[in-house]
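Residue numbers (our numbering): 3 to 157. Single-structure report; data block below.
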C-alpha cells in the first residue's frame, strides 16, 4: 500500500512540475512575442518621427553613444539629430517591406528591408536598403544604439 501511495504521489508531483514548466514556457513565449511587437512598433514610430523631423522624441530614443552609418559616412547622436533638424537628410517615407527581430540578452536587433524616399542635398531619392537597428534595454526602456543603412543592389 505504501508503494502505491508513493507512486501516486510521485506521479502527481511529476504532472504538477510538468504543468508548471509548460505554463512558464508559454508565458515566456508570450512575453517574447509582446516584446518583439513592442520593438517593431517602436521602430515604425521612429521612422515616422524621422519623417516628421521630431528631434525631441528621437533625442529620447537615441542612446547618447549611438552611431549612425549612412552611405556617405558615420555620425554620432548629435550629428544625426542636427542633420534631421536642418533637413540635410529628410526621411520622407520608409516603406517597410520586411522586418525581423532577434535578441541577444538585453539587446535587440531589428532588420528592416525598406524602400526609403528621402531628400538629400535638395534632391529627392528613392533607395532600397537593409537597415540594421540595434536597441539596448536600459532601466526598462529600449534605447537605439545603432542605425546602419546598407544599400541593396539590383532592386
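Cβ coordinates follow ideal geometry from the N, Cα and C atoms, glycine included. Every value quoted in this text rests on a predicted model; they were computed, and no experiment measured them.
Quiz item: Touch check for the stretch 120-127 and the stretch 138-146: three-plus C-beta pairs under 8 Å?
Solution: no
Quiz item: If you run the structure through DSSP and keep just helix, strand and coil, what is residue 46?
Solution: If you number the chain shown from 1, residue 46 lands on position 44. Taken through DSSP and simplified to helix, strand or coil, residue 46 comes out as helix.
Quiz item: Tell me which same chain residues have a C-beta within less than 8 Å of the C-beta of residue 83, skipping the five on either side of it?
Solution: Looking up residue 83 in the chain shown gives position 81. 57, 60, 61 and 64, listed in sequence order.
Exercise. Return the first residue and the last residue of the alpha helix (DSSP H) that residue 1 is part of.
Key: Any property of residue 1 remains undetermined from this structure, which presents the chain solely from 3 to 157.
Quiz item: Just the Cα atoms here: how many angstroms apart are residue 135 and residue 81?
Solution: The residue labelled residue 135 in the question sits at position 133 within the chain shown. The residue labelled residue 81 in the question sits at position 79 within the chain shown. Whole-angstrom Cα-Cα distance: 17 Å.
Practice problem: Taking residue 102 as part of the beta strand (DSSP E), name the residues at either end of that continuous run. | Solution: Position 100 of the chain shown holds residue 102. Looking at the DSSP string, the run of the beta strand (DSSP E) that includes residue 102 is 91-106.
Self-check item: Backbone secondary structure at residue 54 - three-state DSSP
Solution: By 1-based counting over the chain shown, the position of residue 54 is 52. Three-state result, residue 54: coil.
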